[in-house]
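Visitor: Protein chains in written order, with our numbering: chain V, 9 to 278; chain S, 20 to 144.
In this text, a Cβ means the ideal position worked out from N, Cα and C, and glycines have one as well.
Written as structure tokens, this is what we have:
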């Protein structure tokens, strides 16, 4: 082989590689553009769905609150159904949008310093009526003197809300649900806060422990029918935990309740 | 005098619901579905309170704040209406001078009592 021949082949290969490189960059840009368009589309759709729903709910609440005159008990029940259904739909639209943003890697953390106690209290207060309705008992145990978290408060509350919502939905009337917060394992940079949300509900078979974190997963169709979510709650919770460099997992045996755990590294505000 | 509320919102059903609520609870209501219409009402019939939707078609509702500042009349209380109460939205609204950010759907009794409170503050100043 002559030197000139080798040079020719190298130049040819280089040109071909450069061409492939350009093509790859073009494809990557196209994909990024497509993902951005998809998220924008979902965001627009979500706004367009929410707006008329807002009007329906407000009209219902005007009637319920007696602003146009008192209603009979049965009329109130009926209007309550319109409001309840509307609010449930609104939450589901919100979850779908959050999921879409996560899938497009458009979620960011807004960190503040806050006490986990306040986030737990907020989430428990929101679930109070559901817990009473199913005659469940809710126990909260928080290790004394836990330091404040420097994390995204809305997202931590969202994670807690999704886990507690699941615990309530999948526990039979009269059962127990609980939230425990404690100091977890030590790490190179300090330690993690460990949060457990547990229940005495229907439980999850070991082969489904990872499946439940997959979007739109339905482990048990009959249980899912009673569960009013989008099938995105645990996928979103895991994404939010991972954004904080934490971990979310489940320990459960079918028929013997579930214990969901997540960790959030404790770091101090800059 | 009956308090005047300007509702800046582009969905007819939402306008209908809020107008009903506000009129039934003793307010006079004007509505505007575009920033141009809203600016005209601000100039011709200055309101006490503006309920401002953040998304008006393709327009950013908050740009109305410039017209309010340029208007010269007694500055109305501006309350943002939004679908999201995330930290970024709250910050954006407070930065341009919104008195509060309310997440839709707003509970009627809460809106009624908050408007009474804001009008009270306004009367006191």
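Please check if any C-beta of chain S sits within less than 8 Å of the C-beta of residue 58 of chain V.
Guide: By 1-based counting over the first chain, the position of residue 58 of chain V is 50. It does: the Cβ of residue 58 of chain V has a partner Cβ on chain S nearer than 8 Å.
Visitor: Given this structure, state the Cα-to-Cα distance separating residue 37 of chain S from residue 60 of chain S, to the nearest angstrom.
Guide: As a first step, residue 37 of chain S must be located in the second chain, where it is residue number 18. As a first step, residue 60 of chain S must be located in the second chain, where it is residue number 41. Answer to the nearest angstrom: the Cα atoms are 18 Å apart.
Visitor: By the criterion of Cβ-Cβ separation under 7 Å, what are the contact partners of residue 33 of chain S in chain V?
Guide: Taking the second chain and counting its residues from 1, one reaches residue 33 of chain S at position 14. By Cβ distance, chain V contributes 59, 62, 63.
Visitor: Out of curiosity, what's the CA-to-CA distance linking residue 180 of chain V and residue 253 of chain V?
Guide: Looking up residue 180 of chain V in the first chain gives position 172. Looking up residue 253 of chain V in the first chain gives position 245. About 33 Å.
Visitor: Measuring straight from C-alpha to C-alpha, what distance separates residue 101 of chain S and residue 165 of chain V?
Guide: If you number the second chain from 1, residue 101 of chain S lands on position 82. If you number the first chain from 1, residue 165 of chain V lands on position 157. For residue 101 of chain S and residue 165 of chain V, the distance between alpha carbons rounds to 20 Å.
Visitor: If you pair each beta-carbon of the stretch 104–123 of chain V with each one of the stretch 74–90 of chain S, do three or more pairs fall below 8 Å?
Guide: Contact fails: fewer than three Cβ-Cβ distances are below 8 Å.
Visitor: CA-CA distance, residue 93 of chain S and residue 141 of chain S?
Guide: In the second chain, the residue the question calls residue 93 of chain S occupies position 74. In the second chain, the residue the question calls residue 141 of chain S occupies position 122. So the two alpha carbons sit approximately 10 Å from each other.
Visitor: Which two residues bound the contiguous alpha helix (DSSP H) that contains residue 112 of chain S?
Guide: The residue you call residue 112 of chain S lines up with position 93 of the second chain. From DSSP, the alpha helix (DSSP H) with residue 112 of chain S extends over 106–114.
Visitor: Along chain S, which residues have their Cβ under 9 Å away from the Cβ of residue 76 of chain V?
Guide: Numbered from 1 along the first chain, position 68 holds the residue referred to as residue 76 of chain V. Those are 39, 43, listed as they occur along chain S.
Visitor: Chain V beta carbons: is any one of them nearer than 8 Å to that of residue 113 of chain S?
Guide: Reading the second chain from its first residue, position 94 is the one you call residue 113 of chain S. With 8 Å as the cut-off, residue 113 of chain S does not count as an interface residue toward chain V.
Visitor: For residue 73 of chain S, which three-state DSSP category applies?
Guide: If you number the second chain from 1, residue 73 of chain S lands on position 54. Residue state, collapsed to three classes: coil.
Visitor: Between which residues of its own chain and residue 21 of chain S is the CB-CB distance below 8 Å, once the five residues before and five after are set aside?
Guide: As a first step, residue 21 of chain S must be located in the second chain, where it is residue number 2. Result list for residue 21 of chain S: 45, 46, 47, in chain order.
Visitor: Answer with yes or no whether the minimum CB distance from residue 153 of chain V to chain S is below 8 Å.
Guide: By 1-based counting over the first chain, the position of residue 153 of chain V is 145. No, because no Cβ of chain S sits closer than 8 Å to the Cβ of residue 153 of chain V.
Visitor: According to DSSP, is residue 125 of chain S part of a helix, a strand, or is it coil?
Guide: As a position in the second chain, residue 125 of chain S is number 106, starting the count at 1. In this structure, residue 125 of chain S counts as coil in the three-state DSSP scheme.
Visitor: So the candidates are V:77, V:23, V:158, V:138; which of them puts its Cα closest to the Cα of residue 278 of chain V?
Guide: The residue labelled residue 278 of chain V in the question sits at position 270 within the first chain. The shortest Cα separation from residue 278 of chain V among V:77, V:23, V:158, V:138 belongs to V:158.
Visitor: Consult DSSP for residue 44 of chain V and reduce its assignment to one of helix, strand or coil.
Guide: Walking along the first chain from the start, residue 44 of chain V turns up at place 36. The answer is helix: DSSP assigns residue 44 of chain V an H, G or I state.
Visitor: Just to confirm my understanding: we take residue 98 of chain V, look at its own chain, exclude 5 residues before and 5 after, and list those with CB closer than 6 Å. What are they?
Guide: The residue given as residue 98 of chain V occupies position 90 in the first chain. Excluding positions up to five away in sequence, the list reads 61.
Visitor: Which of the three DSSP states, helix, strand or coil, is assigned to residue 65 of chain S?
Guide: The residue labelled residue 65 of chain S in the question sits at position 46 within the second chain. In this structure, residue 65 of chain S counts as coil in the three-state DSSP scheme.
Visitor: To be precise: take each residue of the stretch 105–122 of chain V, compare its Cβ to all Cβ atoms of chain S, and keep it if any distance is under 7 Å. Which residues remain?
Guide: Within the stretch 105–122 of chain V, the residues whose Cβ lies closer than 7 Å to some Cβ of chain S are 118, listed in chain order.
Visitor: Does any C-beta atom of chain S lie closer than 8 Å to the C-beta of residue 250 of chain V?
Guide: In the first chain, the residue the question calls residue 250 of chain V occupies position 242. So, not an interface residue.
Visitor: Could you compute how far the alpha carbon of residue 270 of chain V sits from the alpha carbon of residue 262 of chain V?
Guide: Residue mapping note: residue 270 of chain V aligns to position 262 of the first chain, counting from 1. Residue mapping note: residue 262 of chain V aligns to position 254 of the first chain, counting from 1. Their Cα atoms are separated by approximately 20 Å.
Visitor: Could you tell me whether the Cβ of residue 66 of chain V comes closer than 8 Å to any Cβ of chain S?
Guide: Residue mapping note: residue 66 of chain V aligns to position 58 of the first chain, counting from 1. Output row for residue 66 of chain V: interface = yes.
Visitor: Using DSSP with H/G/I as helix, E/B as strand and the rest coil, what is residue 233 of chain V?
Guide: In the first chain, residue 233 of chain V corresponds to position 225, counting from 1. Confidence at residue 233 of chain V is low in this model, with a pLDDT of 47, below 50, so its placement is unreliable and no value can be given for it.
Visitor: Considering just the uninterrupted stretch of the beta strand (DSSP E) at residue 277 of chain V, what are its terminal residues?
Guide: The residue labelled residue 277 of chain V in the question sits at position 269 within the first chain. Segment: none, residue 277 of chain V is in no beta strand (DSSP E) and carries neither H nor E.
Visitor: Please go through the stretch 94–179 of chain V and give each complete beta strand (DSSP E) segment of 3 or more residues, from N-terminal end onward.
Guide: Counting only runs of 3 or more, we get 119–122, 145–150, 157–160.
Visitor: Any contact of the stretch 196–214 of chain V with the stretch 169–177 of chain V, i.e. 3+ C-beta pairs under 8 Å?
Guide: Flag = yes, the stretch 196–214 of chain V and the stretch 169–177 of chain V touch.
Visitor: For residue 109 of chain S and residue 118 of chain S, what's the separation of their Cα atoms in angstroms?
Guide: To locate residue 109 of chain S, count along the second chain from 1; it is residue 90. To locate residue 118 of chain S, count along the second chain from 1; it is residue 99. C-alpha separation (whole angstroms): 11 Å.
Visitor: Starting from the beta carbon of residue 66 of chain S, find every residue of chain V whose beta carbon is closer than 8 Å, and list them in chain order.
Guide: The residue labelled residue 66 of chain S in the question sits at position 47 within the second chain. Under the 8 Å cutoff, chain V gives no residues; its nearest Cβ is about 20 Å from residue 66 of chain S.
Visitor: Output the distance between the C-alpha atoms of residue 219 of chain V and residue 123 of chain V, rounded to the nearest integer angstrom.
Guide: To locate residue 219 of chain V, count along the first chain from 1; it is residue 211. To locate residue 123 of chain V, count along the first chain from 1; it is residue 115. Rounded to whole angstroms, residue 219 of chain V to residue 123 of chain V spans 32 Å at the Cα level.
Visitor: Check the Cβ of residue 70 of chain V against every Cβ in chain S and list those closer than 8 Å, keeping chain order.
Guide: Locating residue 70 of chain V in the first chain gives position 62, counting from the first residue. Those are 36, 39, 40, 43, 127, listed as they occur along chain S.
Visitor: Just by C-beta distance, which residues in the stretch 52–79 of chain S are closer than 8 Å to chain A?
Guide: This model lacks chain A altogether, as its protein chains are V and S.
Visitor: Three or more beta-carbon pairs under 8 Å between the stretch 96–110 of chain V and the stretch 238–256 of chain V, yes or no?
Guide: Counting Cβ pairs under 8 Å, three or more are found: they touch.
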